[in-house]
Amino acid sequence: MAGIGAFLKNAWNKEPVILVSCGIGLLGMALPLISPLTKYTGMINAATPFTYPVPVRDDGNMPDVPAHPRDPQGNNLEWLKNL
8 MAGIGAFLKN AWNKEPVILV SCGIGLLGMA LPLISPLTKY TGMINAATPF
58 TYPVPVRDDG NMPDVPAHPR DPQGNNLEWL KNL
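Quick note: the sequence shown uses our numbering, first residue 8, plus one each step.
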């Protein structure tokens, strides 16, 4: 641990700009992994369908097609409203 401290102190004395830019780069790589925004972005992407439904005329023999586009069917998105 003392070796790392001595290296950082020496690097700061010789090239502070390079040391700061490396620190910002490491922070930029680590920040998305620990950010809570990443969790909610993943949840929203999982809930968003890849293909959007096309209106279909219901003939009474289609149980998986809602009668109206506003009928509640599929995943519940209450967690998104409560953020």
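By construction, the Cβ of each residue, glycine as well, lies at the ideal position given by its N, Cα and C atoms. Only a predicted model underlies this, so the values are computations on that prediction, with no experimental measurement involved.
About 5 Å separates the beta carbons of residue 54 and residue 82, which is inside the 8 Å limit, making them a contact pair. Separation of residue 25 and residue 41 (C-alpha to C-alpha, rounded to the nearest whole angstrom) is 25 Å. Going by beta carbons, residue 39 and residue 48 fall outside the 7 Å limit. Non-local beta-carbon contacts of residue 27 in its own chain, meaning distances under 8 Å to residues more than five positions away in sequence, are absent.
Residue 21 has its alpha-carbon roughly 24 Å from the corresponding atom of residue 35.
The straight-line gap separating the alpha-carbon atoms of residue 88 and residue 51 is approximately 11 Å.
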